[in-house]
Amino acid sequence: MELHTDLYLGDSKEELRKLNDNCIDLIVTSPPYADQRKDTYGGIPHDKYVEWFLPISEQLLRVLKPTGTFILNIKEKVVSIIPFATKLAA
Ligand SMILES: C[S@@+](CC[C@H](N)C(=O)[O-])C[C@H]1O[C@@H](n2cnc3c(N)ncnc32)[C@H](O)[C@@H]1O
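Going by this note's numbering, the sequence shown wraps up at 906, each residue one higher than the last.
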């Protein structure tokens with residue numbers, strides 16, 4: 817079986833748009849930990865986190881096959897994941 821790897825470097829929200837619907841079997845993501853690493857890679861204020869992540873999650877949902885697997889690695893200090901989890905579960 818020939819393995820083919822494409823690497824997309826950029827803002828995930830923009831890069832995900834380049835992918836077709838229902839084309840991905842497995843998503844493993846470790847998004848920024850809100851504002852916990854702001855000295856490392858900037859970070860997102862926790863009260864803006866869901867608003868920031870929702871457009872990305874919509875693209876993740878669009879590209880993931882119905883039979884696909886989604887793995888989210890995220891650190892504590894998540895203030896409110898309910899809106900996001902509810903949206904993904906919908
Ligand atoms: C929690 S770290 C994950 C690090 C990685 N899993 C590792 O083990 O090195 C979050 C990463 O997301 C990147 N990031 C932040 N905003 C992004 C975006 N809009 N699109 C793609 N990556 C982003 C950050 O630069 C950071 O490297």
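Virtual Cβ for every residue (Gly too), placed ideally from N, Cα, C.
All figures in this text were calculated on a predicted structure; none of them were measured in a lab.
Please report the straight-line C-alpha distance between residue i and residue j, rounded to a whole angstrom.
{"i": "Pro871", "j": "Leu832", "result": "11 angstroms"}
{"i": "Leu877", "j": "Asp822", "result": "19 angstroms"}
{"i": "Cys839", "j": "His862", "result": "31 angstroms"}
{"i": "Glu830", "j": "Met817", "result": "30 angstroms"}
{"i": "Lys842", "j": "Pro848", "result": "Checking the sequence, you will find Leu at residue 842 rather than Lys. Distance between the alpha carbons of Leu842 and Pro848: 19 angstroms."}
{"i": "Lys891", "j": "Ala850", "result": "9 angstroms"}
{"i": "Pro882", "j": "Asp827", "result": "24 angstroms"}
{"i": "Gly858", "j": "Gly884", "result": "30 angstroms"}
{"i": "Leu835", "j": "Ser873", "result": "14 angstroms"}
{"i": "Lys854", "j": "Lys864", "result": "14 angstroms"}
Within 10 angstroms of its Cβ, does residue i collect 16 or more other Cβ (buried), or is it exposed?
{"i": "Val866", "result": "buried"}
{"i": "Leu819", "result": "exposed"}
{"i": "Leu880", "result": "buried"}
Alpha helix (DSSP H) containing residue i: first to last residue?
{"i": "Pro848", "result": "Premise fails: Pro848 is in no alpha helix (DSSP H) and is neither H nor E."}
{"i": "Ser821", "result": "The question names Ser, yet the displayed sequence has Thr at residue 821. Taken as a continuous stretch (DSSP letters only), Thr821 belongs to no alpha helix (DSSP H), as it is neither H nor E."}
{"i": "Lys834", "result": "Where Lys834 is concerned, there is no enclosing alpha helix (DSSP H), given that its DSSP letter is neither H nor E."}
What residue does the beta strand (DSSP E) around residue i start on, and which one ends it?
{"i": "Lys881", "result": "Leu880 to Leu888"}
Write down the C-beta distance between residue i and residue j rounded to the nearest angstrom, noting that I regard them as a contact closer than 8 angstroms.
{"i": "Leu888", "j": "Thr845", "result": "6 angstroms"}
Quiz: which residues have CB nearer than 5 angstroms to ligand 1 non-hydrogen atoms:
Here the list is Asp827, Ser828, Ser846, Pro848 and Tyr857.
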